[in-house]
Structures are given as C-alpha cells and as structure tokens.
Amino acid sequence: MACYNSHQYLVGKEAVCLTHDPWTIDTLHITLRLVLSLLFGGLIGIEREQSSHAAGLRTHMLVCLGSTLVMLLSMYGFSEFSKLDNVRLDPARLAAQVISGIGFLGAGTILYTGKSITGLTTAASLWVVAAIGLATGAGFYYAAALSCVFALISLFVLNLVEKKYLRAKKLRHIQLKALDTPSLIGKVSALLANKGSVIQKLSVEEIPSEEEDLIQITLTLRLAKGDNVSQTVEDLMRLDGVRSVSCD
1 MACYNSHQYL VGKEAVCLTH DPWTIDTLHI TLRLVLSLLF GGLIGIEREQ
51 SSHAAGLRTH MLVCLGSTLV MLLSMYGFSE FSKLDNVRLD PARLAAQVIS
101 GIGFLGAGTI LYTGKSITGL TTAASLWVVA AIGLATGAGF YYAAALSCVF
151 ALISLFVLNL VEKKYLRAKK LRHIQLKALD TPSLIGKVSA LLANKGSVIQ
201 KLSVEEIPSE EEDLIQITLT LRLAKGDNVS QTVEDLMRLD GVRSVSCD
C-alpha cells in the first residue's frame with residue numbers, strides 16, 4: 001500500500017495510512033491535558049482535604065499531573081526514535097509503571113490504629129486519580145471526566161448517605177478528660193469490651209495544666225446492640241482518675 005501525503009504504519013499484518021503522525025503533539029494540546037489533569041485531581045483532592053485526610057488537595061493534584069506527564073512522555077517523548085526502522089515504541093510501558101508504583105504512595109495513607117484501619121478510601125482515590133491522569137495524558141478526555149464525576153459521587157455523595165443511614169446510629173464519639181496514669185487506657189478498653197462495644201478509633205492528647213497531668217482521650221465507638229450512650233458515659237465516669245466525659 002502506498003501512502004501519499006501521509007504516514008504508513010503496520011498494524012498487525014496490515015499497512016495503515018494516517019494523515020498525521022501519531023507520535024507528535026502540539027503545545028496547545030500538551031497544555032490542555034496538563035491543565036485538565038490539575039482540574040480533575042484538584043476536584044477529588046478538595047473532597048479529601050475537607051475531610052482532613054492525609055492526602056489532600058495538593059497530593060491529588062500532583063499525582064494526577066505526574067501521571068499525565070508520564071503518559072505524555074510515553075506517547076510523545078521518544079518521537080525521534082519512531083523514525084528508526086529497528087525501533088518499536090510502546091506507549092503503555094511507562095504508564096504501566098505508574099499503576100504499580102502508585103501503590104507505594106497509597107500505602108502511606110493507610111493507618112492501623114488498635115482494631116481500626118483508616119485511609120483505605122484515600123489510597124483508592126489516589127489510585128483512581130493516577131488512572132485519570134493517564135487517561136487525560138492519552139487524550140481520553142471523556143473517560144477521564146466521567147471517572148472524575150463518578151469518583152466525586154463515590155467520595156462525597158455516598159459518604160453522606162453512609163453517614164446518615166449506615167453509620168449515624170451506630171457510631172458515637174466520646175471524649176474523656178482524666179489523669180495521666182499508665183493503666184487508664186487499659187481500664188477504658190476493658191470496660192467497653194465487657195459491654196460489647198468496639199473501639200473504632202482512639203487518640204490521646206496532653207492537656208496543659210499546672211496542677212495535674214491531664215490527658216484527653218477521644219474515642220469513636222460502635223456500641224453493642226441494646227447498649228445506651230448515657231449508661232456508657234456513667235460507667236466511664238466511675239473509673240478512677242476520670243474528671244469528665246462528653247459525648248457528641
């Protein structure tokens with residue numbers, strides 16, 4: 001097959017004529033794809049930032065931007081070598097490394113605290129943002145935009161639904177102010193375990209005080225079936241060293 005005013009490429013066993021060189025791109029489209037990647041990553045990052053997660057706005061924007069740049073580099077960065085007869089370019093090679101490499105960054109956002117694991121959703125959002133960046137870099141705009149919309153629905157809308165209908169009636173947030181004694185957290189955990197409640201999150205902070213060494217313990221609890229918040233608060237108040245207990 002002879003191609004006039006076009007380029008001939010071998011696809012499978014057939015020669016295909018293209019009116020443009022697939023290994024070249026103008027600066028306008030490079031700018032468009034990089035700007036879109038910042039937009040898509042930023043939209044998902046804003047939701048994570050508002051929820052005070054480890055990976056927020058800047059992290060998601062950088063991941064998406066970096067993925068787009070790698071995709072552009074993989075597709076167009078080696079265009080000079082495409083003219084050589086003994087060189088075959090694979091645009092998906094660098095992109096595949098992004099998909100596997102993003103797992104290291106996602107693992108850094110996953111935290112294990114007691115019996116609770118947090119950060120899985122943020123890690124998943126980073127993986128999705130990387131994929132959106134690759135799609136944007138490849139010029140797959142519709143899929144990138146639609147994936148961004150679906151990700152926002154999953155992170156924001158479904159989170160509201162989950163809080164309202166699935167977790168709102170089960171999880172309780174309790175704060176204790178107490179003396180800083182070595183056995184206090186163990187006593188709190190044992191008391192709640194005996195009642196059948198499960199600690200989802202636990203954090204401890206020091207409270208500045210000149211008179212006593214006080215700490216604030218913040219608990220996120222999944223109460224046992226049939227248990228009541230007021231009774232749990234009263235039981236915690238009876239523990240030695242506890243000064244006050246509040247419940248959201």
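Everything in the sequence shown is counted per full-length UniProt numbering, starting at 1 for the first residue and increasing by one. Glycine included, each C-beta is placed from N, C-alpha and C at the ideal position. Treat the numbers as computed from the prediction; the structure is a model and nothing was measured.
Using the beta-carbon count (16 or more within 10 Å), is Thr24 buried or exposed?
Sequence index remark: in the sequence shown, residue 24 carries index 24 (1-based). Looking at its Cβ environment, which holds fewer than 16 other Cβ atoms inside 10 Å, Thr24 is exposed.
Output needed for Glu212: all residues of its chain with C-beta closer than 7 Å, excluding positions within five of it in sequence on either side, in chain order.
What you label residue 212 is simply residue 212 of the sequence shown in a count that begins at 1. The beta carbon of Glu212 lies closer than 7 Å to those of Leu179 in the same chain, with the five residues before and after it left out.
Candidates Leu202, Gly42 and Thr68: closest to Met217 by CA position
To locate residue 217, count along the sequence shown from 1; it is residue 217. Going by the sequence as given, residue 217 is Ile instead of Met. Checked all of Leu202, Gly42 and Thr68; the closest Cα to Ile217 is Leu202.
Among all the DSSP beta bridges, which residues are the ones paired with Ile217?
By one-based count along the sequence shown, residue 217 stands at place 217. Looking at the DSSP assignment, Ile217 forms a beta bridge with Leu176 and Val204.
Nearest residue (CA-CA) to Thr133, options Ile99, Ile110 and Ser154:
As a first step, residue 133 must be located in the sequence shown, where it is residue number 133. The sequence given here places Gly at residue 133; Thr does not occur at that position. Nearest option by C-alpha distance: Ile99.
Of the residues Leu69, Met71 and Leu38, the one placed nearest Arg58, counting alpha carbons only:
Locating residue 58 in the sequence shown gives position 58, counting from the first residue. Among Leu69, Met71 and Leu38, the Cα nearest to that of Arg58 is on Leu38.
Nearest residue (CA-CA) to Val198, options Pro208, Thr220, Leu105 and Glu210:
Within the sequence shown, numbered from 1, the residue matching residue 198 stands at position 198. Of Pro208, Thr220, Leu105 and Glu210, the residue nearest in Cα terms is Thr220.
Terminal residues of the beta strand (DSSP E) in which Asn243 lies
Reading the sequence shown from its first residue, position 243 is the one you call residue 243. In the sequence as presented, Asn is not what sits at residue 243; that position holds Arg. Bounds of the beta strand (DSSP E) holding Arg243 are Val242 to Cys247.
To which residues of the same chain is Arg222 closer than 7 Å at the C-beta, ignoring the five residues directly before and after it?
Numbered from its first residue, the sequence shown carries residue 222 at position 222. Beyond the five residues adjoining it in sequence on each side, Arg222 comes within less than 7 Å, by CB distance, of Lys170, Leu171, Ser197, Val198 and Gln200 in the same chain, given in chain order.
Can you check whether the C-beta of Arg48 is within less than 9 Å of a C-beta belonging to chain C?
Any reference to chain C falls outside this structure, which holds one protein chain only.
By the 10 Å Cβ neighbour count, where 16 or more other Cβ atoms means buried, how is Gly186 classified, buried or exposed?
Indexing the sequence shown from 1 puts residue 186 at position 186. Result: exposed.
Between the alpha carbons of Ala138 and Gly119, how many angstroms are there, rounded?
Taking the sequence shown and counting its residues from 1, the one referred to as residue 138 is at position 138. Taking the sequence shown and counting its residues from 1, the one referred to as residue 119 is at position 119. Computed Cα separation, rounded: 29 Å.
Could you give the DSSP three-state label for Arg88: helix, strand or coil?
Here the question's residue 88 lines up with position 88 in the sequence shown. Arg88: coil per DSSP, three-state reduction.
Return yes when the Cβ of Pro91 is within less than 9 Å of the Cβ of Ser67, no when it is not.
Locating residue 67 in the sequence shown gives position 67, counting from the first residue. Locating residue 91 in the sequence shown gives position 91, counting from the first residue. No, Cβ-Cβ distance for Ser67 and Pro91 is not below 9 Å.
Give the single residue among Tyr142, Val204, Leu192 and Gly226 whose Cα lies nearest to the Cα of Arg238.
In the sequence shown, residue 238 corresponds to position 238, counting from 1. Taking the Cα of Arg238 as reference, the smallest distance to any Cα among Tyr142, Val204, Leu192 and Gly226 is reached at Leu192.
Could you pull the DSSP bridge partners for Arg222 from this structure?
Against the sequence shown, residue 222 aligns to sequence position 222. DSSP, once it has assigned bridges, lists Leu171 and Val198 as partnering Arg222.
Distance between beta carbons of Leu126 and Val63, contact taken as under 8 Å
In the sequence shown, residue 63 corresponds to position 63, counting from 1. In the sequence shown, residue 126 corresponds to position 126, counting from 1. The pair is a contact, with the Cβ atoms about 6 Å apart (cut-off 8 Å).
Give a yes or no on whether the C-beta atoms belonging to Gly41 and Met61 are separated by under 9 Å.
On the sequence shown, residue 41 is found 41 positions in, with the first residue counted as 1. On the sequence shown, residue 61 is found 61 positions in, with the first residue counted as 1. Yes.
Can you give me the C-alpha to C-alpha distance between Gly103 and Ala123, rounded to a whole angstrom?
For the purposes of this step, residue 103 is taken as residue 103 along the sequence shown, with counting starting at 1. For the purposes of this step, residue 123 is taken as residue 123 along the sequence shown, with counting starting at 1. The alpha-carbon atoms of Gly103 and Ala123 are separated by roughly 8 Å.
Could you check where the alpha helix (DSSP H) with Arg48 kicks off and where it finishes?
Sequence index remark: in the sequence shown, residue 48 carries index 48 (1-based). According to the DSSP assignment, Arg48 belongs to the alpha helix (DSSP H) that extends over Thr27 to Gln50.
Near Leu214, which residues of its chain fall below 8 Å by C-beta distance, leaving aside the five closest residues on each side in sequence?
Counted from its first residue, the sequence shown places residue 214 at position 214. Excluding positions up to five away in sequence, the list reads Lys177, Ala178, Leu179, Asp180, Glu206, Ile207 and Arg243.
So, for Leu184: in the same chain, excluding its five sequence neighbours on each side, which residues have a beta-carbon less than 7 Å away from its beta-carbon?
Start at 1 with the first residue of the sequence shown, and residue 184 comes out as number 184. Contacts found: Ala178 and Gly241.
Could you pull out every residue in the same chain whose Cβ sits closer than 7 Å to the Cβ of Leu146, ignoring the five residues on either side in sequence?
The residue you call residue 146 lines up with position 146 of the sequence shown. No residues qualify anywhere along the chain.
Does the distance from the C-beta atom of residue 265 to that of Gln175 stay below 9 Å?
Residue 265 lies beyond the residue range present for the chain, which begins at 1 and ends at 248; the question has no answer from this structure.
Would you kindly work out how many angstroms separate the C-alpha atoms of Asp227 and Lys195, rounded to a whole number?
As a first step, residue 227 must be located in the sequence shown, where it is residue number 227. As a first step, residue 195 must be located in the sequence shown, where it is residue number 195. Rounded to the nearest whole angstrom, the CA to CA distance from Asp227 to Lys195 is 8 Å.
Given a cut-off of 9 Å, decide if Arg33 and Thr136 are closer than it, judged by their beta-carbon atoms.
Taking the sequence shown and counting its residues from 1, the one referred to as residue 136 is at position 136. Taking the sequence shown and counting its residues from 1, the one referred to as residue 33 is at position 33. It is a contact, given that the beta carbons lie within the stated cut-off.
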